[in-house]
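For the sequence shown, this note's numbering assigns the number 3 to the initial residue and increments by one for each residue that follows. Worksheet for the structure shown next.
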Amino acid sequence: MQPLSKYDGAAAPADQPGLIAPDTSGMNFYRADPALTDLLRIHLSDALFKHIEPHLDRLGGLAGGPLDECARLADRHVPVLHQRDRFGRDAQWIEYHPAYRELERAAFGEFGIHAMSLRKGVLGWPQTYPVAAKHAFTFLFNQAEFGLGCPINVTDGCAKLLSNFGGAALKEKYLDGLTQTDMSRLTQGGQFMTEKEGGSDVGKLTATAVQEDDHWRLTGEKWFCSNADAKVVMLLARPQGAEGGTRGVGLFLMPRFLDDGSPNHYRIVRLKDKLGTRSMASGEVKLEGAVAYAVGRLDRGFVQMAEMVNSSRLSNGVKSTALMRRAWHDAMAVARGRVVFGQRIVDLPLARRQLMKIMLATEQALSMSFITADALDRAEAGSQDAAALLRILTPTLKFRATRDARKVCGDALEMRGGIGYIEEFATARLLRDAHLGSIWEGTGNIVALDALKRAVGRHGADAALAADLHARLDDSANVPQAWRDRLRGLVDQSIGFARGVSARMDNEAEARRATSLLYHVASAVALAWEGGRIHQMRGDARRLLLSRLVIEHRVAARDPFQLTENSTQRAIAGHLLSERAAGMAEVGELLIAA
Ligand SMILES: Cc1cc2nc3c(=O)[nH]c(=O)nc-3n(C[C@H](O)[C@H](O)[C@H](O)COP(=O)(O)OP(=O)(O)OC[C@H]3O[C@@H](n4cnc5c(N)ncnc54)[C@H](O)[C@@H]3O)c2cc1C
Numbered sequence: 003m004q005p006l007s008k009y010d011g012a013a014a015p016a017d018q019p020g021l022i023a024p025d026t027s028g029m030n031f032y033r034a035d036p037a038l039t040d041l042l043r044i045h046l047s048d049a050l051f052k053h054i055e056p057h058l059d060r061l062g063g064l065a066g067g068p069l070d071e072c073a074r075l076a077d078r079h080v081p082v083l084h085q086r087d088r089f090g091r092d093a094q095w096i097e098y099h100p101a102y103r104e105l106e107r108a109a110f111g112e113f114g115i116h117a118m119s120l121r122k123g124v125l126g127w128p129q130t131y132p133v134a135a136k137h138a139f140t141f142l143f144n145q146a147e148f149g150l151g152c153p154i155n156v157t158d159g160c161a162k163l164l165s166n167f168g169g170a171a172l173k174e175k176y177l178d179g180l181t182q183t184d185m186s187r188l189t190q191g192g193q194f195m196t197e198k199e200g201g202s203d204v205g206k207l208t209a210t211a212v213q214e215d216d217h218w219r220l221t222g223e224k225w226f227c228s229n230a231d232a233k234v235v236m237l238l239a240r241p242q243g244a245e246g247g248t249r250g251v252g253l254f255l256m257p258r259f260l261d262d263g264s265p266n267h268y269r270i271v272r273l274k275d276k277l278g279t280r281s282m283a284s285g286e287v288k289l290e291g292a293v294a295y296a297v298g299r300l301d302r303g304f305v306q307m308a309e310m311v312n313s314s315r316l317s318n319g320v321k322s323t324a325l326m327r328r329a330w331h332d333a334m335a336v337a338r339g340r341v342v343f344g345q346r347i348v349d350l351p352l353a354r355r356q357l358m359k360i361m362l363a364t365e366q367a368l369s370m371s372f373i374t375a376d377a378l379d380r381a382e383a384g385s386q387d388a389a390a391l392l393r394i395l396t397p398t399l400k401f402r403a404t405r406d407a408r409k410v411c412g413d414a415l416e417m418r419g420g421i422g423y424i425e426e427f428a429t430a431r432l433l434r435d436a437h438l439g440s441i442w443e444g445t446g447n448i449v450a451l452d453a454l455k456r457a458v459g460r461h462g463a464d465a466a467l468a469a470d471l472h473a474r475l476d477d478s479a480n481v482p483q484a485w486r487d488r489l490r491g492l493v494d495q496s497i498g499f500a501r502g503v504s505a506r507m508d509n510e511a512e513a514r515r516a517t518s519l520l521y522h523v524a525s526a527v528a529l530a531w532e533g534g535r536i537h538q539m540r541g542d543a544r545r546l547l548l549s550r551l552v553i554e555h556r557v558a559a560r561d562p563f564q565l566t567e568n569s570t571q572r573a574i575a576g577h578l579l580s581e582r583a584a585g586m587a588e589v590g591e592l593l594i595a596a
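Below you can see the structure in the form of structure tokens.
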């Protein structure tokens, strides 16, 4: 197969060993990630796993090589908005660097990540893909390029909204393009919700819709429009005369071009100059009588859009996990490749502790991404319990993983020392991108409140979480009883705390802490459950040690004056930082040792 990119990333100079620490250039992000393989073996059928593994292997190689170089170039050569063509005619278009186009070709054309949930036959699989499989591709792709992750996800989300709520004629017209892998027929999606008046407070939005024959005309402004030149946009607007608040907003599909090929009546006024995701165009849009079509019930617009927002929140969690995994690979490349004071960084006790912190947050997020994706798959298959579980896992994952990504990417940057801060290496880009995850699709406060006030307070979804976590512990016969008992107690405590917080309005300021506790305890259970499935983990029980570290470092109260470094801690670090698997016999005692 031809290399995807003509831009070759330079590897670390072989003639100057150790002078500048190597980075991840040339790494295959799939092969370098046995935990990903193990979790896929747990969550997917054998047949599906066997089918996708060669594709993941290929994407892993591309993401560690040519796609990464494309991402670096696309980040530096940002999109440019043009208002006229060279003959002076008004024609609005966005110019992208060829590297961005190559990223698009890989994501949409070759791997079809956006289409996996809805179109059968992508990559030769006769069915659609479960979410857990789709997000394995999301995870690998976003280790190279985070900016395009948004268009992939919103295209997927638009197609899903249309498929769930759109009328037959709309589906006939737009669904095929949204799920195409033929680049000449693909129509990417966008989701324009935020206005100056309200991002979090969507009920304040002022864009107005007026009915005209079979369609509507939209006026107003949208303030944050990622993938600004998307061909098919889902957006919220208030039908003239509708009530205020979120109940009064309807969901509309707005095409970029009208049936006669002329541009629809809206303008991208300017592009945002962003800290991160610079490769992808986010703009401000003026609606000037734009033609749009109602999707689903007009008085259910917000509720319907929330479905897209929730699947985007899961995708966001996965993408933040991808940034953390990439940061981890980079930090380890430095720690193994650079010698300071006569020792490799990875052998220095303080650096080992820093590395473990990066590893811990990353592996927690990976486990949580998988159990959330699995809940979505089961919910879509009709399980009410899974739907309730999903309701609480989604904001919990989105809240904590996106926040952890900021810190992890910053810590990995520091591991590289001064050049980590220099844009020639990926670490600076990772850090800039990481700050977005906890803003879009709901800021940290908004998703923590969603988890506590709505998922727990209104829907009682905490019961589903408690049941799921207890069931996982029941299903972990290999895990030492004492550890299972410890986790059971913590599950009940964290759920009880969340209930207490959600029960009273004046506890609102505790929502973030309660959501973090749910996340940490759930991830500790998931890690233990995975670690105990020794067959699928190919004999490696080390995720049990991660389960212990989550509780020790992220949940348990600690005496700040007590020394914590001892032979148990050193043995745990030795296992986790080595590339060698450790079986149940080796980790079992460490799990409960003082
Ligand atoms: C790069 C980028 C791309 C984006 N792309 C899109 C897009 O494609 N489509 C789209 O619709 N939007 C998009 N957004 C917008 C994004 O979703 C919003 O910016 C975000 O939801 C926050 O809304 P806001 O900016 O109005 O902030 P505000 O809602 O004004 O929030 C300001 C602060 O108030 C806090 N806050 C708000 N309510 C509460 C509360 N009840 N309790 C405690 N604190 C609260 C928030 O946490 C935040 O810290 C994008 C944003 C960025 C940065």
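Beta carbons are placed, not taken as given, at the ideal position from N, Cα and C, and that holds for glycine. If you're wondering where the values come from, they're calculated on a predicted model, not measured in any experiment.
Item to check | Counted within 10 angstroms of its Cβ, other Cβ atoms place K198 as buried (16 or more) or exposed | outcome: exposed
Item to check | 6 Å Cβ shell around H461 - same chain, five flanking residues per side excluded | outcome: R393
Checklist entry - Who are the Cβ neighbours of A324 in its own chain at under 6 Å, not counting the five residues just before and after it? => result F141, N144 and Q145
Checklist entry - Taking DSSP as the reference, what is the three-state secondary structure of F372? => result helix
Next on the checklist: Can you list, in chain order, the residues of its chain with a C-beta nearer than 6 Å to that of N30? Leave out the 5 residues immediately preceding and following it.
Outcome noted: G62, G63 and G66
Checklist entry - Would you say T396 touches ligand 1, meaning its beta carbon is less than 8 Å from a heavy atom? => result no
Checklist entry - Assuming V69 and Y32 make a contact with CB atoms under 8 Å, what is their CB distance in whole Å? => result In the sequence on display, residue 69 carries Leu and not Val. That pair is no contact at about 13 Å.
Checklist entry - What is the rounded straight-line gap between the Cα of G422 and the Cα of D542? => result 32 Å
Checklist entry - Going by the C-beta, is E510 closer than 8 Å to any heavy atom of ligand 1? => result yes
Next on the checklist: Please return the same chain residues whose Cβ sits closer than 7 Å to the Cβ of R107, not counting the five positions on each side in sequence.
Outcome noted: M185
Checklist entry - Based on Cα-Cα distance, which residue from I96, D332 and T157 lies nearest to V271? => result I96
Checklist entry - Can the beta-carbon of I360 be found closer than 9 Å to that of D413? => result yes
Checklist entry - Are at least three pairs of beta-carbons, each pair with one atom in the region 476-483 and one in the region 444-459, less than 8 Å apart? => result no
Checklist entry - Say the cut is 8 Å; is the CB of I441 nearer than that to a heavy atom of ligand 1? => result yes
Checklist entry - Distance, Cα to Cα, P128 vs K122? => result 6 Å
Next on the checklist: Going residue by residue through the region 25-90, where are the continuous beta strand (DSSP E) segments of at least 3 residues, counting only ones entirely within it?
Outcome noted: 82-86
Item to check | Contact set for G250: own chain, Cβ-Cβ below 7 Å, skip 5 residues either direction | outcome: R240 and A244
Item to check | Per-residue DSSP class, three states only, for D92 | outcome: strand
Checklist entry - CB L163 to CB E382, shorter than 9 Å? => result no
Checklist entry - Apart from the five residues on each side of it in sequence, which residues of its chain come closer than 8 Å, Cβ to Cβ, to E591? => result none
Item to check | Cα-Cα separation between L177 and G159, rounded to whole angstroms | outcome: 11 Å
Checklist entry - Going by DSSP, what residues sit across from W218 in a beta bridge? => result Q213 and A294
Checklist entry - How would you label R187, buried or exposed, when you count the other beta carbons within 10 angstroms and need 16 or more for buried? => result exposed
Next on the checklist: Buried or exposed, going by whether 16 or more other CB atoms sit within 10 Å of the CB of A559?
Outcome noted: exposed
Item to check | G151 versus A49 - alpha carbon distance | outcome: 27 Å
Checklist entry - When you compare each of T181, S165 and R103 to G114 by their alpha carbons, which one comes out closest? => result T181
Next on the checklist: From the DSSP secondary-structure annotation, give me the bridge partner or partners of V410.
Outcome noted: BP columns for V410 are empty, so no partner.
Checklist entry - On the three-state DSSP scale, how would you describe L579? => result helix
Item to check | Option in R540, A430 and K224 with minimal Cα separation from V410 | outcome: A430
Item to check | R272, DSSP secondary structure in three states | outcome: strand
Item to check | Assigned exposure category for T153 - 16 Cβ within 10 Å defines buried | outcome: At residue 153 the sequence reads Pro, which differs from the Thr that was named. The residue in question, P153, is buried, as its Cβ has 16 or more Cβ neighbours within 10 Å.
Checklist entry - Can we count M195 as close to ligand 1, meaning its CB is less than 8 Å from some heavy atom? => result yes
Checklist entry - Considering F194, what are the terminal residues of the beta strand (DSSP E) in which it resides? => result G191 to F194
Item to check | For M236, the residue or residues it bridges with in DSSP | outcome: Q193 and L255
Next on the checklist: In whole angstroms, give me the CA-to-CA distance for V348 and R514.
Outcome noted: 33 Å
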